[in-house]
Amino acid sequence: MMRGGASASARHALAGARLTPSLGRHLTTSARSTLPLMRSGNAADAARPGPESSRLFQAASVHHETVPQAVHPVPSTPQAASTRPGPSEDGHDTIPGTGIRVFRTVDALRGWRRQQLLSGRTVGLVPTMGALHAGHLDLVRSAARDNDDVVVSIYVNPTQFGVHEDLGSYPRTWEADGQQLASLQVGFAKSRDSIRGNVSAVFAPTTSVMYPSGPPSQEVDGNGSFVTITPVGKLLEGASRPTFFRGVATVCMKLFLIVLPERAYFGQKDVQQTVVLRRMVKDFCIPLEIVVGQTVREQPDGLALSSRNVYLGTRRRAVANVLRRSLLAAAEHAKIPTATHANIMAAAHRVADETLAAQRQLLPGRRALFEIDYLSLSDFETMEELGSSQTVDPAKGAILSGAVRMLPVEEPQPGEDLGHSNGPLVRLIDNIVIQPTN
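Those letters in the sequence shown? Residues 3 to 440, per the numbering used here, in order.
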């Protein structure tokens, strides 16, 4: 199993090379590439993952830990925080009160990374779009346990949003994000028996930095330099959001080439994303370990943490766990050895249908309606749907997943909490991994 990414001799060889776009070719020939087991991180103390996530499952690629008290008060709403760091010479700005450096250009980050390579220090990357929550912080803790230095990227990537999706309203909480990372760093200093590394840098580029030839189109057939992983990138989430995995794969490829991490960290909530990325790492011979952390959930109902949960407001939040409950019903039915795909999915749809029927009985000023986008029982490695008469092979396992669209409330009441941006349509995803027996 690859534990430290490239060998020490390979890292020193890389350190002597110019960190230019040609480095990708240098990496694939001078550093060994293996496909280790995907390891899960510990759950955040504030929101613990469900038991179905507790075992490991295999993968070949990258992604978050506990939530200490903030050093400074965190703004209560995403709107309350500024969205960008203040101007300074690139790489010399830091998050206030910490030694966490802020980089905004590729050259500045590569200059810093070259010094880590020369010193033989390992780096873990946690890619995010900001609006950090306990799930992200769980991944940062995992990265700090495994590596000498942790880089957190904060970049709202336009190419993974569809033309009519929420790019403009996506929460941007730069100051609050910095305060949470500062709090983590304080906790790390007190936990050196279990925490090896530090949050050393934040990479916060602009779109002109990430897409120097101009941002590619968000249209399905638009022009641009893309990385596409098919067929897995066209299934399920890819069918509902046809440009999403193209955008994810493209921006992650860029981040991997810019940061050159030994490991990258992602959350299991986006399980199909981890399948896409491990396929990309394997097919492009990227010397990188992808570590997947358990889904962190809100209590008491187990709603998966997501930066988009801020859109829900009080009324829709009370119903938003319908997807979680549907998947749990399916997972329970899947324990029956003779249960077929049709039987298992019927259990999930029954919960969703009963919940929707109950909401429709309420007055418009009280109810929260939703639409199930999809419910799926798919192959563990390919995400391809099982046949209707097929049972789950215990030796292979399977993935239960789904997506739900929470519709805007019909008749807002005076003073009602509608959520961020007045509660637009919000799409939530979740999954349960049925672990293979071997």
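The beta carbon of each residue, even a glycine, is placed where N, CA and C say it ideally should be. No experiment lies behind these values; they were computed from the predicted model shown.
| Residue range of the unbroken alpha helix (DSSP H) whose run includes T130 | Stepping through the sequence shown from its first residue, residue 130 is reached at position 128. Here T130 belongs to no alpha helix (DSSP H); instead the beta strand (DSSP E) covers 125-130.
| request: Since I believe G240 is in contact with T175 (beta carbons under 8 Å), could you give me their beta-carbon distance rounded to a whole number of angstroms? | output: Looking up residue 175 in the sequence shown gives position 173. Looking up residue 240 in the sequence shown gives position 238. That pair is no contact at about 28 Å.
| DSSP state of N433, grouped into three classes? | The residue labelled residue 433 in the question sits at position 431 within the sequence shown. Residue state for N433 is assigned as strand, using DSSP reduced to three classes.
| message | Along the chain, where does the beta strand (DSSP E) containing I156 start, and where does it finish? | response | By 1-based counting over the sequence shown, the position of residue 156 is 154. Here the beta strand (DSSP E) through I156 covers 151-156.
| request: To the nearest angstrom, report how far apart T96 and V104 are at their CA atoms. | output: As a position in the sequence shown, residue 96 is number 94, starting the count at 1. As a position in the sequence shown, residue 104 is number 102, starting the count at 1. Each residue's alpha carbon lies about 5 Å from the other.
| In whole angstroms, what is the alpha-carbon distance linking V283 and F258? | Start at 1 with the first residue of the sequence shown, and residue 283 comes out as number 281. Start at 1 with the first residue of the sequence shown, and residue 258 comes out as number 256. Cα-Cα distance, rounded: 10 Å.
| task | Below 8 Å on the Cβ atoms is my guess for M408 versus L430; work out the distance and round it to an integer in Å. | result | Your numbering for residue 408 matches position 406 in the sequence shown. Your numbering for residue 430 matches position 428 in the sequence shown. Confirmed, Cβ separation roughly 7 Å.
| Residue environment, A306, which counts as buried when at least 16 other CB atoms sit within 10 Å | As a first step, residue 306 must be located in the sequence shown, where it is residue number 304. It is buried - the Cβ of A306 has at least 16 other Cβ atoms within 10 Å.
| field | Residues near A332 in its chain [Cβ-Cβ closer than 6 Å; skip 5 each side] | value | Taking the sequence shown and counting its residues from 1, one reaches residue 332 at position 330. So the qualifying residues of the chain are I346, A349, A350, L402.
| query | Starting from N200 and walking both ways along the alpha helix (DSSP H), at which residues does that stretch end? | reply | What you label residue 200 is simply residue 198 of the sequence shown in a count that begins at 1. Looking at the DSSP string, N200 is not in any alpha helix (DSSP H); the run it does join, the beta strand (DSSP E), is 200-205.
| Going by Cα to Cα distance, which pick from V293, R352, V321 is closest to H335? | Within the sequence shown, residue 335 is the residue found at index 333, counting from 1. Of the candidates V293, R352, V321, the one whose C-alpha sits nearest the C-alpha of H335 is R352.
| query | Between E413 and P366, is the Cβ-Cβ spacing less than 7 Å? | reply | Here the question's residue 413 lines up with position 411 in the sequence shown. Here the question's residue 366 lines up with position 364 in the sequence shown. Cβ distance < 7 Å, so E413 and P366 count as in contact.
| Run of the beta strand (DSSP E) containing A405, from where it starts to where it stops | Counting from one through the sequence shown, the residue named residue 405 turns up at place 403. Run containing A405: 400-408, per the beta strand (DSSP E) assignment.
| Residues bridged to S265 (per DSSP) | One-based indexing of the sequence shown puts residue 265 at position 263. Sequence check: residue 265 is Arg here, not Ser. Answer is G126, E291.
| field | For F163, three-class secondary structure by DSSP | value | Reading the sequence shown from its first residue, position 161 is the one you call residue 163. Three-state result, F163: coil.
| task | Would you give the residue range spanned by the beta strand (DSSP E) that S193 belongs to? | result | Numbered from its first residue, the sequence shown carries residue 193 at position 191. Careful: S193 lies outside any beta strand (DSSP E) and carries neither H nor E.
| said: Please state the DSSP three-state secondary structure of Y313. | reply: Taking the first residue of the sequence shown as position 1, residue 313 is located at position 311. Correct three-state label for Y313: helix.
| field | Beta-carbon gap between R326 and G295 smaller than 7 Å | value | Position 324 of the sequence shown, counting from 1, holds the residue named residue 326. Position 293 of the sequence shown, counting from 1, holds the residue named residue 295. In this structure, G295 does not lie closer than 7 Å to R326 by Cβ.
| query | If you compare alpha carbons, which of R116, W114, E221 is closest to F163? | reply | As a first step, residue 163 is located in the sequence shown; it is residue number 161 there, counting from the start. Nearest of R116, W114, E221 to F163, Cα basis: E221.
| field | Continuous alpha helix (DSSP H) stretch holding S380: start and end | value | Within the sequence shown, the letter at position 378 stands for residue 380. Per DSSP, S380 belongs to no alpha helix (DSSP H); it is in the beta strand (DSSP E), 372-381.
| said: So, at 6 Å on beta carbons, what are the nonlocal neighbours of V277 in its own chain, with the 5 sequence-adjacent residues on each side left out? | reply: If you number the sequence shown from 1, residue 277 lands on position 275. The residues are V234, M385.
| field | Contact set for H66: own chain, Cβ-Cβ below 7 Å, skip 5 residues either direction | value | For the purposes of this step, residue 66 is identified with residue 64 of the sequence shown, where counting begins at 1. Low local confidence applies: a pLDDT of 33 at H66 is under 50, so the model's placement there is unreliable, and no value is given.
| said: My output table needs one value for P87: the three-state DSSP class, helix, strand or coil. | reply: On the sequence shown, position 85 is the one that residue 87 refers to. Summary for P87: the model assigns pLDDT 44, below 50, so the residue's position carries little reliability, and this model does not support an answer.
| Looking at the structure shown, is T276 part of a helix, part of a strand, or coil, going by DSSP? | For the purposes of this step, residue 276 is taken as residue 274 along the sequence shown, with counting starting at 1. If DSSP states are grouped into helix, strand and coil, T276 belongs with the helices.
| said: I want to know whether the region 355-372 touches the region 193-204 - three or more CB-CB distances under 8 Å. | reply: no
| query | Where do the ends of the alpha helix (DSSP H) carrying R112 lie? | reply | To locate residue 112, count along the sequence shown from 1; it is residue 110. 108-120 is the span of the alpha helix (DSSP H), which, as asked, contains R112.
| request: Hey, could you find the ends of the beta strand (DSSP E) R103 is sitting in? | output: Here residue 103 corresponds to residue number 101 of the sequence shown, with the count starting at 1. Note, R103: beta strand (DSSP E), 103-105.
| said: By the three-class DSSP mapping on this structure, what secondary structure does D95 have? | reply: Indexing the sequence shown from 1 puts residue 95 at position 93. Strand, per DSSP.
| task | Provide the residue span of the alpha helix (DSSP H) that contains R143, from first to last. | result | Start at 1 with the first residue of the sequence shown, and residue 143 comes out as number 141. Residues 136-148.
| field | From G101, V435, R123, residue whose alpha carbon lies closest to that of D272 | value | Residue mapping note: residue 272 aligns to position 270 of the sequence shown, counting from 1. Nearest C-alpha to D272: V435.
| request: Report the three-state DSSP secondary structure of E54 (helix, strand or coil). | output: For the purposes of this step, residue 54 is taken as residue 52 along the sequence shown, with counting starting at 1. Residue confidence for E54 is low, a pLDDT of 37 falling below 50, so the modelled location carries little weight; the figure read from the coordinates is stated next. E54: helix per DSSP, three-state reduction.
| request: Please report the residue range of the alpha helix (DSSP H) in which E221 lies. | output: Mapped onto the sequence shown, residue 221 falls at position 219. Counting along the chain, E221 falls outside any alpha helix (DSSP H), and DSSP gives it neither H nor E.
| said: Looking only at its chain, what residues have a beta carbon closer than 8 Å to the beta carbon of P244, apart from the 5 residues adjacent to it on each side? | reply: Here residue 244 is taken as the residue at index 242 of the sequence shown, counted from 1. G164, V222, K236, listed in sequence order.
| In or out: R368 buried (at least 16 other Cβ within 10 Å) or exposed? | Position 366 of the sequence shown, counted from the first residue, corresponds to residue 368. By the 10 Å Cβ count, R368 comes out exposed.
| request: Determine, using beta carbons only, whether T130 and V211 come nearer to each other than 7 Å. | output: Working through the sequence shown from its first residue, we reach residue 130 at position 128. Working through the sequence shown from its first residue, we reach residue 211 at position 209. No, the Cβ-Cβ distance between T130 and V211 is not below 7 Å.
| field | Opposing strand residues paired with A306 [DSSP bridges] | value | To locate residue 306, count along the sequence shown from 1; it is residue 304. In DSSP, A306 forms a bridge with R299.
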